[in-house]
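Mapping to the numbering used here: the sequence shown position 31 is 538, numbers consecutive.
Heads up, the beta-carbon is just placed ideally off N, CA and C, and yes, glycines get one too.
Being a predicted model, the structure only gives us computed values, none of them experimental.
A short write-up of the structure that comes next.
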Amino acid sequence: MLLFCSAVTVPGLAQTSANPNSKPLSPLEQTLFANSKAVPEAQKKKDVDFLKRTLTEDFQQVGSEGKLHGKDEIVDDAREGKLKDYTVYNAKVLPVNDNAAIVTYDCIIHMLEGDAPLMAPRYQHISDLWVKQGEQWRLRFQQATAARPID
C-alpha cells in the first residue's frame, strides 16, 4: 500500500517552545504548515476532491519504497482511507523563491493495518515542494525516506 504522509502539526509545534530564542513563524511558514497538515487530513477523511485541487496536475511522489507515484495513484489510495493518524516534528520551511518553497519534517505514521512487510514505514523523513499557482499554494513533489534506527 502506498501511504502519502505529508503532515505538519499545529504551527506552534513546528518550533521548539523550550527554546527561548525561537522566532515567531512567518506568514509563509504558517500557510505552508497549514497546507501540509491539510493533505493527510484529507486522506484520513477520504476527501479526494481536496487532494485533486491541492496536488498539481504533474504531481510526483517518491515513496519510502523508492518508487515514483503520480497524482492519480495518490488520489486513488486516499479513497481506501487506511491512514489512521500521524505525528509530525522537526518541521522547517526553506523558501526557494517567491513562488516555491520546500517543507521538510519527520513523520510518525499510524495505520489501521500495522506495519506489515508491504506497508509504509512507521518513521519517515519527508520533503515537500510547494509551488504558488495564482494565489494558491499547491503540492508539486514529495520525497518520503524511511528513517533508520540510528536517525
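Item                                                                                                    : Value
Beta carbon of T538 nearer than 8 Å to that of W644                                                     : yes
DSSP-derived helix/strand/coil call for K591                                                            : strand
Beta-carbon proximity check, A651 vs V569, cutoff 8 Å                                                   : yes
Local Cβ density within 10 Å of N542, reported as buried at 16 or more and exposed below that           : buried
Where the alpha helix (DSSP H) through R560 begins and ends                                             : V555 to T561
Buried versus exposed call for L601 [16 or more other C-beta atoms within 10 Å across all chains shown] : exposed
Assigned exposure category for L575 - 16 Cβ within 10 Å defines buried                                  : exposed
Strand pairing of D613, partner residues [DSSP]                                                         : Y596 and H632
Beta-carbon gap between A607 and A585 smaller than 8 Å                                                  : no
Close beta carbons around L535, own chain, < 8 Å, minus the five adjacent residues each side            : V600, P602 and A608
G641 burial status per 10 Å Cβ neighbour count (16 or more: buried)                                     : exposed
Opening and closing residue of the alpha helix (DSSP H) in which A541 lies                              : P534 to K551
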